[in-house]
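S.K.: So that you can map any letter, position 13 of the sequence shown is 13 in the UniProt record's numbering, and since no number is skipped, the others follow by simple counting.
Note that CB positions come from ideal geometry on N, CA and C, so glycine has one too.
None of the values given here were measured: they were computed from a predicted structure.
Shown below is the structure under consideration.
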Amino acid sequence: MFRLGNRLSGNAASQAAQCIRTLALSNQSGMTATLGSANMVRIRGATGVLAQTASYSSVPHQMTQKVSLKEVGIMDPYVIPEKENRPSIFNDYKKWIKYAKLRMRNTGMTAASTLGMCWKLKDFGLTARFLGESEEAYIGMNDAFARGDRDYLEEICTPSMYAKLKGQLKDRVGRYEWKYHGLIEKPQIVSIRQGQIGGHVLIQMIVRLHTNQSMGVFDKKNKLIAGDLKKTVPVLEYIVFQRYITDPEDNWKILGKASPEASS
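Quick look at the structure:
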């Protein structure tokens, strides 16, 4: 999900730019979350998403106990293109027909999966709460990545996602600081899919997050060598969350990210 180079010399600016594009974090309240703040810890939200705040001091033990169900990857990576990238019926009819069919299919499958999920959980307000909690979890994951907090990354991510981030942490050089500067648009669930694996029902949600953020990279002498904490950058990300809803021990976790380009 995050691609950071091995060296800062020569590639520091591009590393910072790439990290800014991928460290997309958001918070509806508009508060600024600064890297390095004291004792960032975890709580569990009502829908099972791990959130991170600075006002609690304990981690529920059940969050670290069980990840035994098989990963299947992203079941359906399709994401509706942004408005400016959608085909026009007047300029390219064939592409527009393909887009219209895919959009109708996505709408139908999302509606069916949402109904099935809420029915099984007996909770028809889940998706509304999920947006806020997934946003907080997204903030926590990216903040932990910038700080190098492997324990939190392992809790909030699936094993495959954690393995990718851990490898990138191992390769990077320098100290990273990241700041969140608020939402540009409200978070939006753009896709929900339901599958059955070994008798368990798996749900995957793709959430669109559009935020402002900044980042800086510092050397051992605390000198800024890349990025600019005072310069905000708009970042648009589509984050994939998943949960086995028939397993009471499972929580929502971050599986990876999707993009309109990859699914077109």
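Since I believe Gly-132 is in contact with Ile-156 (beta carbons under 8 Å), could you give me their beta-carbon distance rounded to a whole number of angstroms?
M.R.: As a first step, residue 156 must be located in the sequence shown, where it is residue number 156. As a first step, residue 132 must be located in the sequence shown, where it is residue number 132. Incorrect: roughly 15 Å between the Cβ atoms, too far for contact.
S.K.: Would you mind stating whether Ile-192 and Thr-114 have Cβ atoms separated by less than 8 Å?
M.R.: In the sequence shown, residue 192 corresponds to position 192, counting from 1. In the sequence shown, residue 114 corresponds to position 114, counting from 1. Closer than 8 Å, so yes.
S.K.: Grouping DSSP H, G and I as helix and E and B as strand, with all else coil, what is Thr-107?
M.R.: For the purposes of this step, residue 107 is taken as the residue at position 107 of the sequence shown. Helix at Thr-107.
S.K.: Let me make sure I understand the geometry here. Which of Val-240, Gly-216, Arg-243, Ile-239 has the alpha-carbon closest to that of Lys-230?
M.R.: To locate residue 230, count along the sequence shown from 1; it is residue 230. It is Gly-216.
S.K.: So, are the CB atoms of Leu-213 and Lys-179 less than 8 Å apart?
M.R.: As a working note, residue 213 is residue 213 in the sequence shown. As a working note, residue 179 is residue 179 in the sequence shown. Note on residue identity: the sequence assigns Gln, not Leu, to residue 213. Taking 8 Å as the Cβ cut-off, Gln-213 and Lys-179 qualify as a contacting pair.
S.K.: Which of helix, strand or coil does DSSP assign to Arg-86?
M.R.: By 1-based counting over the sequence shown, the position of residue 86 is 86. Arg-86: coil per DSSP, three-state reduction.
S.K.: Among Asp-228, His-210, Ile-203, Gly-227, which has the Cα closest to the Cα of Tyr-244?
M.R.: As a working note, residue 244 is residue 244 in the sequence shown. Of Asp-228, His-210, Ile-203, Gly-227, the residue nearest in Cα terms is Ile-203.
S.K.: Tell me whether residue 350 is buried or exposed, calling it buried when 16 or more other Cβ atoms sit within 10 Å of its Cβ.
M.R.: Here the chain comprises residues numbered 1 to 264, so residue 350 is not present and cannot be evaluated.
S.K.: Rounded to whole angstroms, what's the CA-CA distance from Lys-120 to Thr-107? Just pull it up for me.
M.R.: Position 120 of the sequence shown, counting from 1, holds the residue named residue 120. Position 107 of the sequence shown, counting from 1, holds the residue named residue 107. Between Lys-120 and Thr-107, the C-alpha separation is close to 20 Å.
S.K.: Along the chain, where does the alpha helix (DSSP H) containing Leu-169 start, and where does it finish?
M.R.: Taking the sequence shown and counting its residues from 1, one reaches residue 169 at position 169. Residues 159-171.
S.K.: Hey, would you say Trp-252 sits closer than 8 Å to Ser-160, going by beta carbons?
M.R.: If you number the sequence shown from 1, residue 252 lands on position 252. If you number the sequence shown from 1, residue 160 lands on position 160. No. Outside cutoff.
S.K.: So, Ser-259 versus Val-79, is the Cβ gap smaller than 8 Å?
M.R.: As a position in the sequence shown, residue 259 is number 259, starting the count at 1. As a position in the sequence shown, residue 79 is number 79, starting the count at 1. Result yes, Cβ atoms of Ser-259 and Val-79 sit closer than 8 Å.
S.K.: Among Thr-246, Met-117, Trp-96, Phe-218, whose alpha-carbon lies nearest the alpha-carbon of Arg-172?
M.R.: Position 172 of the sequence shown, counted from the start, is the residue given in the question as residue 172. For the residues Thr-246, Met-117, Trp-96, Phe-218, the minimum Cα distance to Arg-172 belongs to Phe-218.
S.K.: Check for me: the alpha helix (DSSP H) holding Gly-195 runs from which residue to which?
M.R.: As a working mapping, residue 195 is identified with position 195 in the sequence shown. No alpha helix (DSSP H) holds Gly-195; the beta strand (DSSP E) holding it covers 175-197.
S.K.: Between which two residues does the beta strand (DSSP E) carrying Gln-256 extend?
M.R.: Looking up residue 256 in the sequence shown gives position 256. According to the sequence displayed, residue 256 carries Gly and not Gln. Segment 253-258, the beta strand (DSSP E) holding Gly-256.
S.K.: Cα separation between Lys-101 and Gly-148?
M.R.: As a first step, residue 101 must be located in the sequence shown, where it is residue number 101. As a first step, residue 148 must be located in the sequence shown, where it is residue number 148. So the two alpha carbons sit approximately 43 Å from each other.
S.K.: How far does the beta strand (DSSP E) with residue 319 in it reach, from first residue to last?
M.R.: It is not possible to answer for residue 319, since the shown part of the chain is limited to 1 through 264.
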